[in-house]
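In what follows, a single structure is set out as structure tokens and then discussed.
Numbering (UniProt numbering), first residue to last: 1 to 297.
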């Protein structure tokens, strides 16, 4: 059953076999044996693609439910006895991983030496079940009914730049000052990115513009560190650099950032695993420390 589900999720026997650490031929035999036992064809195989039959689609839904119940049963037993151990698969956006998990994960592994972490980085939201991931960390709580969602932390967005940039271009003191600076916006959004700033006439929506834009938070962070311009990013991403003096927060008195949240998405069958629970608790504690941003003022 697990073999069948992995083949469907990966779209090929070769990829599924690699995930399950068996040969493609062995995996094919497992699926064929399942089909023979059921007396129906679950998959239509061609040289180019795999497709579910109507019976396969029906069986896939039930198979996922059964596998989830097995995961829940194992997690309940493990949580009652053993120390956290085993492989923990985590998926994160690149910006958060490079600037926060880079520092947090080594400390987590020192505290829990019997746990190992497989970290994958993607900026798109993935399906944890299809990708066989235990935890997905994102800034959005969007999930399906088969997911458990947990808030890790709340924070805000900081406007900041490298000391080298501010020395060269000057430090803006007002919204009007920003117009003369190289502001690097996050592109690829459904609506234009604007920065809410307080002014004498209330909150104004400043439209950042410069000679570069990017849809990747990690890239924006690197550009700011290199002194290319001014960015506005979550403190989950820039907090460490601000504390270390590699970035300087600016316009903190007029920057009007809504509260932003960081979320974890997990398949129900893995949420109770001891290694998942200790990782969530550890990251919550770590991020409480991460948010103590040193102001530039």
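Note that the Cβ used here is the ideal one computed from N, Cα and C, for glycine as well.
Quantities reported herein were computed from a predicted structural model and do not represent experimental measurements.
Residue i in three-state terms, based on DSSP
i	result
residue 237	helix
residue 49	coil
residue 41	coil
residue 226	coil
residue 175	helix
residue 70	helix
residue 161	strand
residue 220	helix
residue 30	helix
residue 62	helix
residue 232	strand
residue 166	helix
residue 293	In this predicted model, residue 293 has a pLDDT of only 36, less than 50, meaning its place in the structure is not dependable; the value taken from the coordinates is given anyway. It is coil, neither helix nor strand.
Residue i burial status per 10 Å Cβ neighbour count (16 or more: buried)
i	result
residue 16	buried
residue 21	exposed
residue 241	buried
residue 100	buried
residue 58	exposed
residue 3	buried
residue 218	buried
residue 166	buried
residue 10	buried
residue 92	buried
residue 103	exposed
residue 234	buried
residue 201	exposed
residue 187	exposed
residue 203	exposed
residue 54	exposed
residue 51	exposed
residue 245	exposed
residue 288	exposed
residue 66	exposed
residue 294	Because residue 294 sits at a pLDDT of 34, beneath the cut-off of 50, its placement in the model cannot be relied upon, and the following sentence gives the value as read from the coordinates. Classification for residue 294: exposed.
residue 14	exposed
residue 73	exposed
residue 12	exposed
residue 286	buried
Extent of the continuous beta strand (DSSP E) to which residue i belongs
i	result
residue 151	147-155
residue 202	202-206
residue 267	260-267
residue 138	135-138
Residue i - containing alpha helix (DSSP H), residue span
i	result
residue 196	Taken as a continuous stretch (DSSP letters only), residue 196 belongs to no alpha helix (DSSP H), being part of the beta strand (DSSP E) at 195-199.
residue 275	274-290
residue 6	2-10
residue 128	128-131
residue 19	13-20
Counting beta carbon pairs with one atom in the segment 82-101 and one in the segment 112-121, are three or more of them shorter than 8 Å? The count of Cβ pairs closer than 8 Å, one atom from the segment 112-121 and one from the segment 82-101, reaches three, so the stretches are in contact.
Can you confirm whether the segment 160-176 touches the segment 267-280 when touching is taken to mean that 3 or more C-beta pairs between the two stretches lie within less than 8 Å? At 8 Å Cβ cutoff, the stretches do not touch.
Counting Cβ pairs closer than 8 Å, one from the segment 171-189 and one from the segment 207-214, do we hit at least three? Because the criterion of three Cβ pairs below 8 Å is met, the segment 171-189 and the segment 207-214 touch.
Beta strand (DSSP E) segments (min. 3 residues) lying fully within the segment 82-123: Along the length of the segment 82-123, whole beta strand (DSSP E) runs at least 3 residues long occupy 86-92, 115-121, reported in chain order.
Taking contact to mean at least 3 C-beta pairs separated by less than 8 Å, is the segment 248-261 in contact with the segment 162-175? Between the segment 248-261 and the segment 162-175, the count of C-beta pairs closer than 8 Å reaches three or more; the two stretches touch.
I want to know whether the segment 124-144 touches the segment 276-291 - three or more CB-CB distances under 8 Å. Per the Cβ contact rule, the segment 124-144 is in contact with the segment 276-291 (3 or more Cβ pairs under 8 Å).
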